[in-house]
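Quick notes on the structure that follows.
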Amino acid sequence: MAVDEGLKRELARTGVVTTTFEAIYNWGRRSSIWPLQFGLACCAIEMMATGGARFDLARFGAEVFRGSPRQADLMIVAGTVTKKMAPQVVRLWNQMPEPKYCIAMGACAIAGGPFKEGYNVLKGIDRFIPVDVHIPGCPPRPEALLHAIITLQEKIDHQHFTRLSHPIAREIDERPAEYPIPRLGKHDLEPPANPVVWQPPEPVRSLPIVGQGALAPAKEGKA
Amino acid sequence: MRDVDEPVGAAPEPEPRYKLTPVESAFDQQQLEVSIGPQHPSTHGVFRMDVTLDGEVVTKLKPVMGYLHRNHEQIAERTTYLGTMPFTDRLDYFGSLANNWGYALTVEKLAGITVPERAEYLRVIMCELTRVVNHTCVAGFLLQDLGAWMTPLVWALREREKVLDVFESVTGARMMCNYFRFGGVRVDMTDDDLAVVQKIIDEYPAFLDEFEALMTKNEILQQRCQGVGVLSKELAISAGISGPMARASGVPYDVRKVDKYGIYDRFDFKVPLGEKGDVFDRYYMRVLEVAESLKILRQALKDMPKGPIQDPKTKIRNFRPAKGEAYGRIESPKGELGFYIVSQGDKSPYRYHVRAPSFVNLTILEDMCLGHKLADAIVILGAVDIVLGEVDR
Ligand code: SF4
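These protein sequence lines map, in sequence, to chains A and B. The first sequence runs 242 to 464 under this note's numbering. The second sequence runs 182 to 574 under this note's numbering.
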């Protein structure tokens with residue numbers, strides 16, 4: 242139960258700060274997200290530029306790039322995931338301790354990007370691991386990565402971790418401990434996607450009814 | 182044991198290139214196989230090395246590639262000629278403008294297109310700026326591999342940002358510029374942009390001096406780099422090594438001087454050569470080349486004429502060169518970057534191949550690493566200057 246706002250202000254005037262354990266806990270977590278040092282392709286260079294002097298990822302507490310997945314909270318999938326690399330990415334994800342987060346950086350990590358046509362390119366890493374924030378762009382600007390980190394911080398702020406306050410971060414609690422690692426088969430990855438995290442979009446079977454809704458053809462312009 | 186169908190007089194087993202240390206105990210015999218990568222902070226992307234170790238000494242090294250095979254060539258054979266231009270940006274993503282030039286040069290050769298004067302100058306300016314950025318960052322990365330964690334790299338990236346500002350204001354993109362067109366370039370540089378370039382050139386020597394004072398003369402760097410990963414001149418030539426790596430071994434080969442493509446015959450610049458061919462030479466080669474690039478830039482800015490930037494006769498859209506084939510090459514920051522295109526008169530090439538310098542330079546990794554410590558192998562790899570987008574394509 243939250244403390245009444247008026248009372249809080251009243252107490253603050255006398256030098257007493259009231260807060261919740263959860264708020265402090267989340268504040269600590271959000272301000273020290275340690276990413277995995279893991280560059281796949283071109284986007285990784287922009288990731289490094291973000292860590293550089295001008296954009297300074299350290300302002301958000303996320304500059305401590307760790308080489309080992311065991312010490313990391315955040316996986317930034319920065320670059321093209323090929324079919325040869327995808328099992329490795331899932332394996333790294335499995336090795337990271339919970340609570341962990343994933344940012345898919347760049348068009349390639351989201352959906353295959355410019356190389357989507359390629360026979361060896363995975364069409365989006367969200368087929369195998371749960372992605373928290375997607376950043377579009379080829380490559381996304383460093384500001385976009387910063388925005389993604391801020392978005393992630395907001396998400397962390399809204400997660401509840403104490404059992405006293407109800408919903409426990411259900412999304413994290415109900416996650417499997419390990420995601421199945423795909424195998425590079427004869428023609429494709431086997432399985433081609435993890436059905437728990439990704440399902441192919443529903444094919445659109447019926448055509449939109451003419452004259453209804455936003456899909457109606459624009460007649461006014463021509464007339 | 183011999184295979185049954187092997188001829189009886191087969192050649193004897195070749196001498197092993199690395200002789201093991203004399204065995205003193207059973208423990209000494211143990212060879213350890215370590216797989217470094219594809220996720221490793223020092224493999225510059227998704228490169229993997231299967232290293233066999235005797236104690237800490239490398240006795241065998243097998244590079245494993247293909248973790249970033251993005252089907253660049255196959256995609257290029259299915260898209261239009263112009264459509265391949267943005268894909269070349271993503272080959273060597275540190276020097277995208279150099280790749281642009283290599284591809285544009287090849288197609289121009291194939292179709293017999295001439296490039297206006299001002300566009301040639303713009304090309305030189307952009308490409309040399311790319312070289313400056315690339316070499317500075319490579320030095321930063323190398324020092325990071327040596328254990329100077331982050332500081333030199335962040336320093337190099339700070340300088341890179343200044344150049345990227347120019348790229349952004351001219352082409353609209355920081356990294357993937359997509360700037361070259363067949364028979365010219367896409368947009369002109371304004372006088373303001375040129376003034377910024379001039380400012381960068383004027384300020385760069387001060388940065389280089391500072392960088393050198395701290396890095397090149399650093400005792401740790403010298404001890405870790407000198408005499409490590411020596412590449413002999415003969416091996417460099419027979420393995421087809423190019424770029425700063427070959428020049429560090431004393432091979433006087435620079436496509437800018439050999440081919441004089443574009444307008445490189447007009448500039449007065451030197452090609453620095455190394456003596457020993459070790460990692461330190463390779464590092465210092467890059468520092469020296471930055472200084473030479475600045476020289477070229479200064480001359481280019483001075484002589485740049487006014488005029489059109491695009492050959493008016495070239496059709497950019499629906500571009501179909503006549504039947505034929507062409508091989509064009511340029512000196513990219515990594516080495517000789519070649520493109521080979523076979524045209525059948527269609528809107529897309531029949532065959533398209535990229536001769537990637539870092540891929541060829543990587544082939545002698547084992548020869549350089551044998552007999553060195555594992556930690557040195559990392560440094561040797563760092564000095565090769567690979568970009569996986571280009572190695573695996
Ligand atoms: S999204 Fe673009 S910049 Fe990023 S890895 Fe893919 S091709 Fe490279």
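All residues carry an ideal CB built from backbone N, CA and C; glycine is no exception.
Across the region 332 to 346 of chain B, CB contacts with chain A closer than 7 Å involve Val335, Leu338, Arg339, Glu342, in sequence order along the chain.
Neighbours of Phe275/B across chain A, judged by C-beta separation under 8 Å: Ile286.
Gln440/A is not a Cβ neighbour of Asn267/A, given a cutoff of 9 Å. Distances from the alpha-carbon of Ala420/B to those of Leu518/B, Arg463/B, Thr544/B put Thr544/B closest.
Of the residues assessed, Thr224/B falls on the buried side of the cut-off, its CB having 16 or more other CB atoms within 10 angstroms.
Partner residues in the beta bridge of Phe361/B, as assigned by DSSP, are Val366/B. Look at Phe268/B: its C-beta is under 9 Å from a C-beta on chain A. Not one heavy atom of the ligand SF4 lies closer than 8 Å to the C-beta of Gly408/B. For the set Ala292/B, Pro297/B, Glu196/B, Ile497/B, the Cα lying nearest the Cα of Lys504/B is the one of Ala292/B.
In this structure, Phe363/B sits away from Leu278/B, with a CB-CB distance that is not shorter than 9 Å. Between the C-alpha atoms of Leu386/A and Phe306/A there is a straight-line separation of about 14 Å.
Near the ligand SF4, residues with a Cβ at less than 5 Å from any of the ligand's heavy atoms are Ala282/A, Cys283/A, Cys284/A, Gly320/A, Thr321/A, Gly347/A, Ala348/A, Cys349/A, Gly354/A, Cys379/A, Pro380/A, Arg271/B; the list follows chain order. Assignment of Gln491/B by DSSP, reduced to helix, strand and coil, places it in the strand class. Inter-residue distance for Gly378/A and Arg250/A is about 44 Å (C-alpha atoms, whole angstroms). No Cβ-Cβ contact shorter than 9 Å links Gly283/B with Thr495/B. Going by DSSP, Glu340/B is part of the alpha helix (DSSP H) stretching over 332 to 352. Between Ala282/A and Ile344/A, the gap from beta carbon to beta carbon reaches 9 Å or more. Leu555/B and Glu419/A have their alpha carbons spaced roughly 33 Å apart.
For chain B, the residues of the region 316 to 338 of chain A that bring a beta carbon within less than 7 Å of one of its beta carbons are Thr321, Thr323, Lys325, Met326, Gln329, Leu333, in chain order.
Sequence-distant partners of Tyr248/B (beyond 5 residues in either direction) whose C-beta falls short of 6 Å from its own C-beta, in its chain, are Pro219, Val227.
Residue-level contact by beta carbon fails for Arg300/A and chain B, as no gap is shorter than 9 Å. Under the Cβ criterion of 9 Å, Tyr248/B is counted among the residues facing chain A. Just measuring C-alpha positions, the residue of Ala300/B, Leu569/B, Lys515/B sitting nearest Asn315/B is Lys515/B. Between the alpha carbons of Val239/B and His428/A lies a gap of roughly 36 Å.
Counting only Cβ-Cβ distances below 7 Å, Arg311/A has no contacts in chain B at all, with the closest Cβ about 12 Å away.
Taking C-beta atoms as the reference points, Val409/B and Ile561/B count as a pair closer than 9 Å. Counting the other CB atoms within 10 Å of its CB gives Tyr360/A a total below 16, which places it among the exposed residues. Scanning chain B for C-beta atoms nearer than 8 Å to the C-beta of Arg271/A yields nothing, as the closest lies near 23 Å away. For Leu315/A, the enclosing beta strand (DSSP E) has its first and last residue at 315 to 319.
Only residues of its own chain outside the window of five on either side were considered, and among them Leu363, Phe369, Pro423, Leu430 have a CB closer than 7 Å to the CB of Ala327/A, listed in chain order. Contacts with chain B (Cβ-Cβ distance below 8 Å) from the region 342 to 354 of chain A involve no residue at all. Between the C-alpha atoms of Asp297/A and Pro222/B there is a straight-line separation of about 20 Å. Taking a 10 Å sphere around the C-beta of Arg463/B, we find 16 or more other C-beta atoms and assign the residue as buried. Looking at the backbone, the Cα of Pro267/B and that of Ala285/B are separated by about 11 Å. Nearest CB-CB separation between Met356/B and chain A: below the 9 Å threshold. Within the same chain, Cβ atoms closer than 8 Å to the Cβ of Ile382/B are found at Leu475, Leu478, Arg479, Leu482, the five residues on either side in sequence being excluded.
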